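Engineer: The opening position of the sequence shown corresponds to residue 412 in the working numbering, with each subsequent residue numbered one higher. Sharing a structure with you now.
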Amino acid sequence: MAPFLNEVDKLKLEKIKECAEGVELAGAGGKVQTVAHKSTGAKVAVTADGASSGLKTAKAEKPAGSAKFGGPSKKPGGGGLKKTGGVSAKPKKAAEIKEEMNEQELSLEVCEEKAAAVISASCLHQLDSSNWKERVASMEEFIKAVEDTDQANLPCQALVRILAKKPGWKDNNFQVIQLKVRAAGLLAQKGSFSKTSGRVVLEGLPEKLGDAKSGVHARESLCSVASACGLPWTAEEVFNSVFSQKNPKNQAEALGWLSAAIKDFGFAGFNVKFFLTHIKVALAAQSPAVRTAAVSLVGVIYMYMGPRFRTFFEDEKQALLTQIDAEFEKVKGQAPPAPTRGVAFRRSYENVCDVDDGGGGGGGGGAGGREKADEDVEEDGDIVEDLLPRTDISSKITNELVTKLSDKNWKIRKEGLDEVVGILNEAKFITPAIGELQLALRSRLSDSNKILVRLGVLVLA
Numbered sequence: 412m413a414p415f416l417n418e419v420d421k422l423k424l425e426k427i428k429e430c431a432e433g434v435e436l437a438g439a440g441g442k443v444q445t446v447a448h449k450s451t452g453a454k455v456a457v458t459a460d461g462a463s464s465g466l467k468t469a470k471a472e473k474p475a476g477s478a479k480f481g482g483p484s485k486k487p488g489g490g491g492l493k494k495t496g497g498v499s500a501k502p503k504k505a506a507e508i509k510e511e512m513n514e515q516e517l518s519l520e521v522c523e524e525k526a527a528a529v530i531s532a533s534c535l536h537q538l539d540s541s542n543w544k545e546r547v548a549s550m551e552e553f554i555k556a557v558e559d560t561d562q563a564n565l566p567c568q569a570l571v572r573i574l575a576k577k578p579g580w581k582d583n584n585f586q587v588i589q590l591k592v593r594a595a596g597l598l599a600q601k602g603s604f605s606k607t608s609g610r611v612v613l614e615g616l617p618e619k620l621g622d623a624k625s626g627v628h629a630r631e632s633l634c635s636v637a638s639a640c641g642l643p644w645t646a647e648e649v650f651n652s653v654f655s656q657k658n659p660k661n662q663a664e665a666l667g668w669l670s671a672a673i674k675d676f677g678f679a680g681f682n683v684k685f686f687l688t689h690i691k692v693a694l695a696a697q698s699p700a701v702r703t704a705a706v707s708l709v710g711v712i713y714m715y716m717g718p719r720f721r722t723f724f725e726d727e728k729q730a731l732l733t734q735i736d737a738e739f740e741k742v743k744g745q746a747p748p749a750p751t752r753g754v755a756f757r758r759s760y761e762n763v764c765d766v767d768d769g770g771g772g773g774g775g776g777g778a779g780g781r782e783k784a785d786e787d788v789e790e791d792g793d794i795v796e797d798l799l800p801r802t803d804i805s806s807k808i809t810n811e812l813v814t815k816l817s818d819k820n821w822k823i824r825k826e827g828l829d830e831v832v833g834i835l836n837e838a839k840f841i842t843p844a845i846g847e848l849q850l851a852l853r854s855r856l857s858d859s860n861k862i863l864v865r866l867g868v869l870v871l872a
């Protein structure tokens, strides 16, 4: 079932998994049953024909040993693990996060009015002055005002829209640009910075990555935006920008920035498919700097996703694959560094505090922190599993092949097994649609010929 859920929102996916662990279907027809969820006590309505959210299918198709869908229910920890008693707790939290991270877009008139409460009228007037010295002076005053204002009184969206107002990020004076980039990062650090504000800033920051005079400030400001809005979202916005501009220097710097940022923030929450698409474009780029930066990023991601990450690059040219393998060898066996910034770092810090404080509820919080860390490692493995490119081999499982597998002549049966081995080796990873092949292979486990039994076991494995 997992391959069909790749595009589902992560929070919804977690709820599906949580419900799937506790659902037990019984009866026939379309009768609706109420089943108590094992871990939370909440009740979930399901139909016996599996029509509700595909939970029955998930239970049937996921292997028994999997840590994901259909796996055994995890034992609840101590009192510190549960913040609420029902299944609805996570959707409520998601709604709160969405409301926090986005806000209504303000018009320029409203922005100017809100900004006037923090920035002097003369400063606002000189931001678009034709005299570059006046623009520099006004930006210095702008930064000082932001530094002196409390977080609660900083209208971040209004101020970043003022920064982006013409000439905005296209100012022809490098000193003004440096100050604007610094101001954007300062607002992200200090204020209540939403993704709405982030989008305004990310219209200009990515194109400054390759700038010799502003690049360092741009990278640090992007990290500040990532701390406020999340690295996965920020990185996607940056990559969409730089890979649409066709500027090799910006692309190389963006790849290098992400390599360093992942080590600082961690890899949780990344849409690996999205970044793989851009990484493959970068690996095929004409610019050596872009290719080198892409290989380095692949090496960093390898630390988090493990050896199976190599599967995504097996169709690359041998020379490039050799470079990638050499990069993998550099980090082989290395544990990913602990996050030092962002949400993952704050969560780790909270878990340490839970351990120190006894966990909040009989020591359960400390155990909950360790269990959460274990789940994250588990999830990283499942990310790779779910992303692996899979081939539909159902058209190759012909009646003739199935007949061969059950032929009276052991040589014909072996020939059929050899054909299956060839199909599987060619496909590498397959979809669940294998027709009658599973039953035909299962019968070989009780074959009178021990050689065929061993071969059947190898094929099924």
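Just so you know, even glycine gets a beta-carbon here, dropped at the ideal spot from N, CA and C. Given the structure is predicted, the values throughout are model-derived calculations rather than measurements.
1) Count the other CB atoms, across all protein chains shown, that sit within 10 Å of the CB of D561; report buried if there are 16 or more and exposed otherwise.
2) Can you give me the C-alpha to C-alpha distance between V711 and S655, rounded to a whole angstrom?
3) My guess is that G833 and S805 are in contact by the Cβ rule of under 8 Å, so how many angstroms apart are they, rounded?
4) What distance in whole Å lies between the Cβ atoms of L598 and V571, which are believed to be in contact at a cut-off of 8 Å?
5) Let me confirm a value: E516 is counted as buried when at least 16 other C-beta atoms fall within 10 Å, else exposed. Which label applies?
6) Should Q745 be labelled buried (16 or more other beta-carbon atoms within 10 Å of its own) or exposed?
7) Do you know offhand how far W543's Cα is from V709's?
8) For the alpha helix (DSSP H) containing A838, list its first residue and its last residue.
9) How about T607 and E514: do their beta carbons lie closer than 8 Å?
10) Whole-angstrom Cβ separation of F678 and P747, contact assumed at under 8 Å?
11) Among the candidates P659, S817, A672 and T802, whose CA atom is the shortest distance from the CA of A700?
12) Comparing alpha-carbon positions, which option in A563, L687, A695 and V529 lies nearest E552?
13) Please report the residue range of the alpha helix (DSSP H) in which K743 lies.
14) Which residue wins for smallest C-alpha separation from L687, given the options A526, N651, K624 and A851?
15) In the DSSP assignment, what are the bridge partners of T802?
16) Helix, strand or coil: which one does DSSP assign to R752?
17) Give a yes or no on whether the C-beta atoms belonging to F604 and C567 are separated by under 8 Å.
18) What is the residue span of the alpha helix (DSSP H) that A672 lies within?
19) Quick one: Cα of A872 to Cα of R853, how far?
20) Helix, strand or coil, according to DSSP, for T688 in the structure here?
21) Would you call S857 buried or exposed, if buried means 16 or more other Cβ atoms sit within 10 Å of its Cβ?
22) Quick check on this structure: which residue in K684, Q662, R855 and I673 has the alpha carbon closest to the alpha carbon of S698?
23) Could you tell me the distance, in whole angstroms, from the CA atom of S533 to the CA atom of I427?
24) Do L731 and A704 have their CB atoms nearer than 8 Å?
25) Hey, would you say G609 sits closer than 8 Å to P643, going by beta carbons?
26) Grouping DSSP H, G and I as helix and E and B as strand, with all else coil, what is I554?
27) In three-state DSSP terms, what is S854?
28) If we ignore side chains and look at the alpha-carbon of each, how far apart do G602 and C640 end up?
29) Between the alpha carbons of G792 and A637, how many angstroms are there, rounded?
30) Is the separation between the beta-carbon of I554 and that of L590 shorter than 8 Å?
31) Which word fits R593, buried or exposed, when buried means at least 16 other C-beta atoms lie within 10 angstroms of its C-beta?
32) Leaving out five residues on either side along the sequence, give the residues of the same chain with a beta carbon under 6 Å from the beta carbon of N584.
33) Roughly how far, in whole angstroms, is the beta-carbon of M717 from the beta-carbon of E664, given that I think they are within contact range, below 8 Å?
34) Measure the C-alpha to C-alpha separation of Y760 and Q600 and round it to an integer number of angstroms.
35) Could you tell me whether the Cβ atoms of L535 and A527 are closer together than 8 Å?
Structural biologist: The structure says:
1) As a working mapping, residue 561 is identified with position 150 in the sequence shown. Under this definition D561 is an exposed residue.
2) The sequence position of residue 711 within the sequence shown is 300, counting from 1. The sequence position of residue 655 within the sequence shown is 244, counting from 1. Each residue's Cα considered, the two are about 24 Å apart.
3) Within the sequence shown, residue 833 is the residue found at index 422, counting from 1. Within the sequence shown, residue 805 is the residue found at index 394, counting from 1. The pair is not a contact, with the Cβ atoms about 16 Å apart (cut-off 8 Å).
4) Your numbering for residue 571 matches position 160 in the sequence shown. Your numbering for residue 598 matches position 187 in the sequence shown. Sure, about 6 Å apart at Cβ, within 8 Å.
5) For the purposes of this step, residue 516 is taken as residue 105 along the sequence shown, with counting starting at 1. E516 is exposed by the Cβ-count criterion.
6) Here residue 745 refers to the residue found at position 334 when the sequence shown is read from its first residue. When all chains shown are included, Q745 counts as exposed.
7) As a position in the sequence shown, residue 543 is number 132, starting the count at 1. As a position in the sequence shown, residue 709 is number 298, starting the count at 1. Cα to Cα, W543 sits roughly 42 Å from V709.
8) As a working mapping, residue 838 is identified with position 427 in the sequence shown. For A838, the enclosing alpha helix (DSSP H) stretches over residues W821 to A838.
9) Here the question's residue 607 lines up with position 196 in the sequence shown. Here the question's residue 514 lines up with position 103 in the sequence shown. Their beta carbons are under 8 Å apart, which means T607 touches E514 by this criterion.
10) Position 267 of the sequence shown, counting from 1, holds the residue named residue 678. Position 336 of the sequence shown, counting from 1, holds the residue named residue 747. Between P747 and F678 the Cβ distance is about 7 Å, and since that is below 8 Å, they are a contact.
11) If you number the sequence shown from 1, residue 700 lands on position 289. The residue among P659, S817, A672 and T802 with its C-alpha nearest the C-alpha of A700 is P659.
12) Taking the sequence shown and counting its residues from 1, the one referred to as residue 552 is at position 141. Residue V529 holds the alpha-carbon nearest to the alpha-carbon of E552 among A563, L687, A695 and V529.
13) For this step, residue 743 is matched to residue 332 along the sequence shown. Counting along the chain, K743 falls outside any alpha helix (DSSP H), and DSSP gives it neither H nor E.
14) The residue you call residue 687 lines up with position 276 of the sequence shown. Here the closest residue by C-alpha is N651.
15) Looking up residue 802 in the sequence shown gives position 391. The bridge partners DSSP lists for T802 are I841.
16) Taking the sequence shown and counting its residues from 1, one reaches residue 752 at position 341. The answer is coil: DSSP assigns R752 none of H, G, I, E or B.
17) Here the question's residue 604 lines up with position 193 in the sequence shown. Here the question's residue 567 lines up with position 156 in the sequence shown. Taking 8 Å as the Cβ cut-off, F604 and C567 qualify as a contacting pair.
18) Within the sequence shown, the letter at position 261 stands for residue 672. A672 -> alpha helix (DSSP H) spans P659 to F676.
19) Taking the first residue of the sequence shown as 1, we reach residue 872 at position 461. Taking the first residue of the sequence shown as 1, we reach residue 853 at position 442. Approximately 11 Å between the Cα atoms of the pair.
20) Locating residue 688 in the sequence shown gives position 277, counting from the first residue. T688 carries a helical assignment under DSSP once its states are collapsed to helix, strand and coil.
21) Working through the sequence shown from its first residue, we reach residue 857 at position 446. Flag for S857 reads exposed.
22) Taking the sequence shown and counting its residues from 1, the one referred to as residue 698 is at position 287. The option with the nearest alpha carbon to S698 is Q662.
23) Sequence index remark: in the sequence shown, residue 533 carries index 122 (1-based). Sequence index remark: in the sequence shown, residue 427 carries index 16 (1-based). In a straight line, the C-alpha of S533 is about 56 Å away from that of I427.
24) The residue you call residue 731 lines up with position 320 of the sequence shown. The residue you call residue 704 lines up with position 293 of the sequence shown. Not closer than 8 Å, so no.
25) Taking the first residue of the sequence shown as position 1, residue 609 is located at position 198. Taking the first residue of the sequence shown as position 1, residue 643 is located at position 232. Against a cut-off of 8 Å, the Cβ pair of P643 and G609 comes out as no contact.
26) For the purposes of this step, residue 554 is taken as the residue at position 143 of the sequence shown. Three-state result, I554: helix.
27) On the sequence shown, residue 854 is found 443 positions in, with the first residue counted as 1. Reduced to three states, the DSSP call for S854 is helix.
28) Position 191 of the sequence shown holds residue 602. Position 229 of the sequence shown holds residue 640. C-alpha separation (whole angstroms): 12 Å.
29) Here residue 792 refers to the residue found at position 381 of the sequence shown. Here residue 637 refers to the residue found at position 226 of the sequence shown. For G792, the predicted structure reports a pLDDT of 48, less than 50, and the residue's modelled location is therefore unreliable. A value from the coordinates is still provided. Those two C-alpha atoms are separated by around 25 Å.
30) Stepping through the sequence shown from its first residue, residue 554 is reached at position 143. Stepping through the sequence shown from its first residue, residue 590 is reached at position 179. A contact, by the Cβ cut-off of 8 Å.
31) Indexing the sequence shown from 1 puts residue 593 at position 182. With 16 or more Cβ atoms within 10 Å of its Cβ, R593 is classed as buried.
32) Here residue 584 corresponds to residue number 173 of the sequence shown, with the count starting at 1. Within the same chain, N584 has close Cβ partners W543.
33) Reading the sequence shown from its first residue, position 306 is the one you call residue 717. Reading the sequence shown from its first residue, position 253 is the one you call residue 664. Checking the sequence, you will find Gly at residue 717 rather than Met. Going by Cβ atoms, the distance from G717 to E664 rounds to 27 Å, so no, they are not a contact pair.
34) The sequence position of residue 760 within the sequence shown is 349, counting from 1. The sequence position of residue 600 within the sequence shown is 189, counting from 1. Interpretation of Y760 is limited by its pLDDT of 44, a score under 50 that renders its predicted location unreliable; the figure taken from the coordinates is listed afterwards. For Y760 and Q600, the distance between alpha carbons rounds to 19 Å.
35) Start at 1 with the first residue of the sequence shown, and residue 535 comes out as number 124. Start at 1 with the first residue of the sequence shown, and residue 527 comes out as number 116. Yes, they are a contact pair.
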